[in-house]
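Student:
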Amino acid sequence: MKRIFPVIISTTFILTITGCKEERSESWYKQHPDETYTTYSKCLEDGEASNNCEFAMRAALMFSHSGSPEVKDKFIKLFEQKEKALREK
3 MKRIFPVIIS TTFILTITGC KEERSESWYK QHPDETYTTY SKCLEDGEAS
53 NNCEFAMRAA LMFSHSGSPE VKDKFIKLFE QKEKALREK
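If you're matching positions, the sequence shown starts at 3 in the numbering used here and goes up one per residue.
(1) Please report how far the alpha carbon of R5 lies from the alpha carbon of N54, in whole angstroms.
(2) Closest by CA to K86, which one among L46, F57, T40 and G69?
(3) Identify whether K91 lies in helix, strand or coil by the three-state DSSP scheme.
(4) Going by Cα to Cα distance, which pick from K91, Y39 and E90 is closest to R60?
(5) Is S68 helix, strand or coil when you go by DSSP?
(6) Under 7 Å Cβ to Cβ from K32, same chain only, skipping five residues before and after it: list those, please.
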């Protein structure tokens with residue numbers, strides 16, 4: 003019984019932590035370029051394939067084709083870095 007209690011507490015804690023990542027919609031990312039850049043950059047670094055990463059990637063593509071020149075350039079550079087990393091593998 004003494005061993006079961008810490009296991010239950012640990013499991014509950016781990017499940018709570020992993021469930022804390024808030025999932026955003028694609029439309030949300032399309033309205034928040036800075037958060038999109040941060041999220042998609044992290045996804046590229048980590049190799050994560052979550053819904054957040056997919057939605058951020060779609061929004062990043064949109065920003066790389068439209069928007070203000072500063073935003074557009076920032077996302078174009080991000081995709082160029084991604085392509086370079088893929089070629090080096």
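A virtual CB, placed ideally from N, CA and C, is assigned to each residue, including glycine. It should be emphasised that the depicted structure is a prediction, and the values quoted were computed from it without experimental measurement.
Tutor: Taking the coordinates as given:
(1) 37 Å
(2) L46
(3) DSSP places K91 outside both helix and strand once states are collapsed to three, so it counts as coil.
(4) Closest option to R60, Cα to Cα, is Y39.
(5) DSSP places S68 in coil when its eight states are reduced to three.
(6) A61 and M64
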